[in-house]
Amino acid sequence: MAKRMGRRPKLDLDSGVEDATLLILEWLGEQGVGAMIRVDAERMRDGRPAWTFAASGGPLEHAMRADGASAAECMGKALVGLREAGLVVPY
Numbered sequence: 041m042a043k044r045m046g047r048r049p050k051l052d053l054d055s056g057v058e059d060a061t062l063l064i065l066e067w068l069g070e071q072g073v074g075a076m077i078r079v080d081a082e083r084m085r086d087g088r089p090a091w092t093f094a095a096s097g098g099p100l101e102h103a104m105r106a107d108g109a110s111a112a113e114c115m116g117k118a119l120v121g122l123r124e125a126g127l128v129v130p131y
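The sequence shown begins at 41 in our numbering and counts up one residue at a time.
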């Protein structure tokens, strides 16, 4: 897989990804990937990105994490990271 010389795909925060999050997590589990999304109330109170996605196992060579200020931003970053790791989620 070719590396993108410093360019990152743009996140589409209006894509409805947060509506598909449970389906994405279920699909990842079927692929042998352990994954979760969580919100941290303390980080939210402090004005820091409170949402975290984490995944490991299955076809992922390394564990991965994505953080965002909203569920949509977090999952958008997670999908980009999964694609870069070679796992294209059918979303």
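Cβ coordinates follow ideal geometry from the N, Cα and C atoms, glycine included.
For the beta strand (DSSP E) that residue i lies in, which residues bound it at each end?
i, result
"valine 79", "74-79"
Assign residue i to buried or exposed, taking buried as 16 or more other Cβ atoms, counted over all protein chains shown, within 10 Å of its Cβ.
i, result
"leucine 63", "exposed"
"alanine 75", "buried"
"alanine 95", "buried"
Taking the CB atoms as reference points, tell me whether residue i and residue j lie closer together than 8 Å.
i, j, result
"tyrosine 131", "valine 57", "yes"
"tryptophan 67", "valine 129", "yes"
"alanine 111", "isoleucine 77", "yes"
Rounded to the nearest angstrom, how far is the Cβ of residue i from that of residue j, given a contact under 8 Å?
i, j, result
"alanine 118", "alanine 106", "4 Å"
Identify every run of the beta strand (DSSP E) within the segment 61-114, keeping only runs that are complete inside it and at least 3 residues long; order them along the chain. 74-79, 91-96 and 104-108
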